[in-house]
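Enquirer: Please see the structure below; I have some questions.
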Amino acid sequence: MPPRPPAITDIVLLGAGHAHVEVLRQAAMRPRPGIRYTLVAREADTPYSGMLPGLIRGEYRFEDAHIACAKLAAAAGARLILAEAAGIDLAAGQVALMGGSRVAFDLLSVDVGGVPDMPAGGGIAVKPIGRFLDQLAALEARLAPGDRVAVVGGGAGGTELALALAHRFAGRARIALVSRDAEPIASAPASAQRVVRRALAELGVAFLGNVSAGVFADGTLALSDGSGLKAAGALWAIGAVAQPFLAKSGLACDAAGCIRVDATLRSVSDARVFAAGDCAAIEGNRRPKAGVWAVRAGPLLAANLRRAAAGRKLRPWRPQHDALVILGLGGARAVAWRGRWTLNGRLAWLWKDRIDRRWMALYQRLRPAGDG
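Going from the sequence shown to our numbering is simple: count from 1 and add 86.
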């Protein structure tokens, strides 16, 4: 008798985040019998957050900074569903989609990112990135000479965004960076902060430190000191919270609504569910959320999904204590740091550009195993 084909394990990848594109890359390079992947993605092209500032400055084209989900899924032999999630039905083992359809899973991995924790009302959220780019283009179209654009969030993401906008809107709009901290990127070494301060000053970006932002309405951003900042638009690049449907699913979540997972990236409350990226809260891990950690989680997530499908023991993730940060300043310059070490200038930019392009090439030039 011919051998019986292996039982099929349906693995649903909810979201086309940085970790999930690596899961699909490995599925394309090393296909495993008995596993069927389904990618549920909101948009046809998934952005790489590390190249967003360069895209805003005009240094990259859209296709340079995005991965085509259809090509990636095809290379992995995965089904692609372009839809937005409405909820997770754990009892039925299904993901509910906007529009009413459902996708069944044996194993579910969630990598849907997060959204800025911003007040209700006006303003533009930096995430999800696809929606942000459309809203940024609409804001740009209505800018009048001398208008101000406010960026809320003085971390690495907000600071790099403010610098990128200063390049893009040069001569058309002024940029203000609002931060609750006294210095931009409070976690960076003092040497890197000085470089960033100079770059902000050179581009005319006003830094408003030690102040929190409130509601943006009628062209005014409310500030915690009682004043208001007049602006044509307010862009929010602050700490992310999870999308509301995750906490409503019944999965154990933290105070921000992120799925609580152990060191293997598996849910602490449901062994069928995994999570990575901004929507995951790793028990005992106090590292700030950043794209670099989602990228590094990808290989382990891919391996543990395969191991879970085979009923094997999962591997724990042991990330480094800190990560290399390279922040683009514009004008083919960047500042890099890790710990107290800092590198500034064109060499840092070339380093960042090489890292980003090489990472993207892994997914943009992917071919299924066995293709010539």
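For each residue, glycine too, the CB sits at the ideal point set by N, CA and C.
Below 6 Å CB to CB, which residues in the same chain sit around aspartate 439 once its five sequence neighbours on both sides are set aside?
Expert: Closer than 6 Å at the Cβ level, and outside the excluded window around aspartate 439, lies no residue.
Enquirer: Which same chain residues, not among the five before or five after glutamate 129, have their C-beta less than 6 Å away from its C-beta?
Expert: So the list reads Gly216, once near-sequence residues are dropped.
Enquirer: Buried or exposed: which applies to proline 119, given that a residue is buried once 16 or more other Cβ atoms fall within 10 Å of its Cβ?
Expert: Proline 119 comes out exposed.
Enquirer: Thinking C-beta only, is isoleucine 153 closer than 8 Å to tyrosine 449?
Expert: Cβ atoms of tyrosine 449 and isoleucine 153: closer than 8 Å.
Enquirer: May I ask you to list the residues that DSSP assigns as paired with valine 327?
Expert: DSSP, once it has assigned bridges, lists Val201 as partnering valine 327.
Enquirer: Is leucine 433 buried or exposed, if buried means 16 or more other CB atoms sit within 10 Å of its CB?
Expert: With fewer than 16 other Cβ atoms within 10 Å, it is exposed.
Enquirer: For isoleucine 94, which residues of its own chain have a beta-carbon under 7 Å away from its beta-carbon, when the five flanking residues on both sides are left out?
Expert: Same-chain partners within the cutoff: Gly120 and Arg122.
Enquirer: Run through DSSP, which three-state label would threonine 350 get?
Expert: DSSP places threonine 350 in coil when its eight states are reduced to three.
Enquirer: Mind checking asparagine 430: buried by the 16 CB within 10 Å criterion, or exposed?
Expert: Asparagine 430 should be labelled buried.
Enquirer: On the criterion of 16 or more Cβ atoms from any shown chain inside 10 Å, does tryptophan 423 qualify as buried, or is it exposed?
Expert: It is buried - the Cβ of tryptophan 423 has at least 16 other Cβ atoms within 10 Å.
Enquirer: In this structure, does DSSP put tyrosine 134 in helix, strand or coil?
Expert: In the structure shown, tyrosine 134 sits in coil (DSSP, three-state: anything other than H, G, I, E or B).
Enquirer: Check whether the stretch 132–146 and the stretch 249–262 touch, using three or more Cβ-Cβ pairs below 8 Å as the test.
Expert: Yes: at least three Cβ pairs fall under 8 Å.
Enquirer: Going by beta carbon distance, what residues of the same chain come within less than 8 Å of glycine 207, once the five residues before and after it are set aside?
Expert: If we look at glycine 207 and ignore the five residues flanking it on each side, its Cβ neighbours are Val301, Phe302 and Ala303.
Enquirer: Throw me the rounded Cβ distance for the valine 198 and alanine 171 pair, which I believe falls under 8 Å.
Expert: About 7 Å; that satisfies the 8 Å criterion.
Enquirer: Please report the residue range of the beta strand (DSSP E) in which serine 277 lies.
Expert: From DSSP, serine 277 is part of no beta strand (DSSP E) but of the alpha helix (DSSP H) over 276–288.
Enquirer: For lysine 438, name the three-state secondary structure that DSSP assigns.
Expert: Three-state DSSP puts lysine 438 in a helix.
Enquirer: Around the Cβ of phenylalanine 218, are there at least 16 other Cβ atoms within 10 angstroms (buried) or fewer (exposed)?
Expert: That one is buried.
Enquirer: Looking at serine 355: is its Cβ nearer than 8 Å to the Cβ of alanine 361?
Expert: No.
Enquirer: So, with DSSP's three-state summary, where would you put aspartate 311?
Expert: DSSP places aspartate 311 in coil when its eight states are reduced to three.
Enquirer: Which of helix, strand or coil does DSSP assign to arginine 260?
Expert: If DSSP states are grouped into helix, strand and coil, arginine 260 belongs with the strands.
Enquirer: Going by beta-carbon coordinates alone, are valine 196 and glycine 290 separated by less than 8 Å?
Expert: Going by C-beta atoms, valine 196 is not nearer than 8 Å to glycine 290.
Enquirer: What residues in its chain sit with their C-beta under 8 Å from that of glycine 240, if we drop five residues either side in the sequence?
Expert: So the qualifying residues of the chain are Leu263, Val264, Ser265, Arg266, Asp267, Glu269, Pro270, Ile271, Ala272, Phe293 and Gly295.
Enquirer: Are the Cβ atoms of tryptophan 523 and leucine 351 separated by less than 8 Å?
Expert: Because residue 523 is not part of the residues shown, which for the chain are 87 to 458, the question remains open.
Enquirer: Do the stretch 306–321 and the stretch 274–287 meet, that is, are 3 or more Cβ pairs less than 8 Å apart?
Expert: Taking 8 Å as the limit for Cβ pairs, the verdict is that the stretch 274–287 does not touch the stretch 306–321.
Enquirer: Just curious, the alpha helix (DSSP H) that arginine 116 is in, first and last residue?
Expert: Counting along the chain, arginine 116 falls outside any alpha helix (DSSP H), and DSSP gives it neither H nor E.
Enquirer: Between proline 133 and alanine 223, what straight-line distance do the alpha-carbon atoms span, to the nearest angstrom?
Expert: The alpha-carbon atoms of proline 133 and alanine 223 are separated by roughly 16 Å.
Enquirer: Assuming phenylalanine 331 and isoleucine 97 make a contact with CB atoms under 8 Å, what is their CB distance in whole Å?
Expert: In fact, because the Cβ distance is near 20 Å, the residues do not count as touching under 8 Å.
Enquirer: Within this structure, are the beta carbons of leucine 158 and leucine 194 separated by less than 8 Å?
Expert: Result no, Cβ atoms of leucine 158 and leucine 194 do not sit closer than 8 Å.
Enquirer: Can you tell me whether tryptophan 322 is buried or exposed, with buried defined as 16 or more other CB within 10 angstroms of its CB?
Expert: The residue is buried, with at least 16 neighbouring Cβ atoms inside 10 Å.
Enquirer: Please name the residue or residues paired with alanine 272 in a DSSP beta bridge.
Expert: According to DSSP, which records beta bridges pairwise, alanine 272 is partnered with nothing at all.
Enquirer: Kindly indicate which residue of Ile345, Gly209, Pro214 and Lys213 has the alpha-carbon position closest to the one of leucine 225.
Expert: Closest option to leucine 225, Cα to Cα, is Gly209.
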